[in-house]
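For the sequence shown, position 43 (counting from the first letter as 1) is numbered 47 according to this note's numbering, and the numbering increases by one without interruption.
Glycine included, C-beta positions come from ideal geometry on N, C-alpha and C.
Source: prediction; values computed, not measured.
A short write-up of the structure that comes next.
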Amino acid sequence: MTVQTLIESGLFKVEVPGSTSREISKVFCCDLLSIAMGKAPENGAWVTVMGNKNTLAVASLADISCIVLAEGIRFQEEELACAVKEQIAVFSTELPVFDAGLKIQELLS
């Protein structure tokens, strides 16, 4: 599945489309940045409630395809601009982390 597929699914609000041709191969749910830094899978869709600049830094280091901010969390304009620059797709949803991750997994299956 690609980021474009996730966009077209309409499951989440698109905050930054990022690199729409990026593959998404796994879902990763984690709110602790130090764990995400070491365990987030390359080409993963990272579902989290951590809506700050450090989240983008970890996503870049881990080569994450997209970030899905759950529970109504949103990045501020500064973080969105950084995501655009780094070409990291960012989505948002009111769903809890688990439910958002499950929806992505259903698309992957």
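Q. For ARG26, is the classification buried or exposed, using 16 other Cβ atoms within 10 angstroms of its Cβ as the cut-off for buried?
A. Buried: at least 16 other Cβ atoms inside 10 Å.
Q) If you draw a straight line from the C-alpha of ILE77 to the C-alpha of PRO100, how long is it? A) Near 10 angstroms, if we compare the C-alpha coordinates of PRO100 and ILE77.
Q | Candidates GLU110, LEU37, SER69, of which the one nearest GLY48 by Cα | A | It is SER69 whose Cα lies nearest to the Cα of GLY48.
Q. So LYS17 and THR97 are in contact, right, with Cβ under 8 angstroms, and what is the actual spacing, rounded?
A. Indeed they touch by this definition, with Cβ atoms about 7 angstroms apart.
Q: For the alpha helix (DSSP H) holding SER64, just list the boundary residues, first then last.
A: Membership of SER64 in the alpha helix (DSSP H) is indicated by the continuous run 57-66.
Q) What distance in whole Å lies between the Cβ atoms of LYS57 and GLU83, which are believed to be in contact at a cut-off of 8 angstroms? A) Contact between GLU83 and LYS57 is confirmed by a C-beta separation of about 5 angstroms, below the 8 angstroms threshold.
Q | N-terminal and C-terminal residue of the beta strand (DSSP E) that VAL53 is part of | A | It is not in any beta strand (DSSP E) - VAL53 carries neither H nor E in the DSSP assignment.
**Q.** Option in SER29, GLU75, GLN80 with minimal Cα separation from THR6
**A.** Distances from the CA of THR6 to each of SER29, GLU75, GLN80 were compared; the closest alpha carbon is that of SER29.
Q | Cβ separation of CYS34 and THR52, assumed to be a contact under 8 angstroms, to the nearest whole Å | A | About 6 angstroms separates the two Cβ atoms, so the contact holds.
Q | Pick from MET54, THR9, ASP103, GLU46 that is closest to LEU37, judged by C-alpha positions | A | It is MET54.
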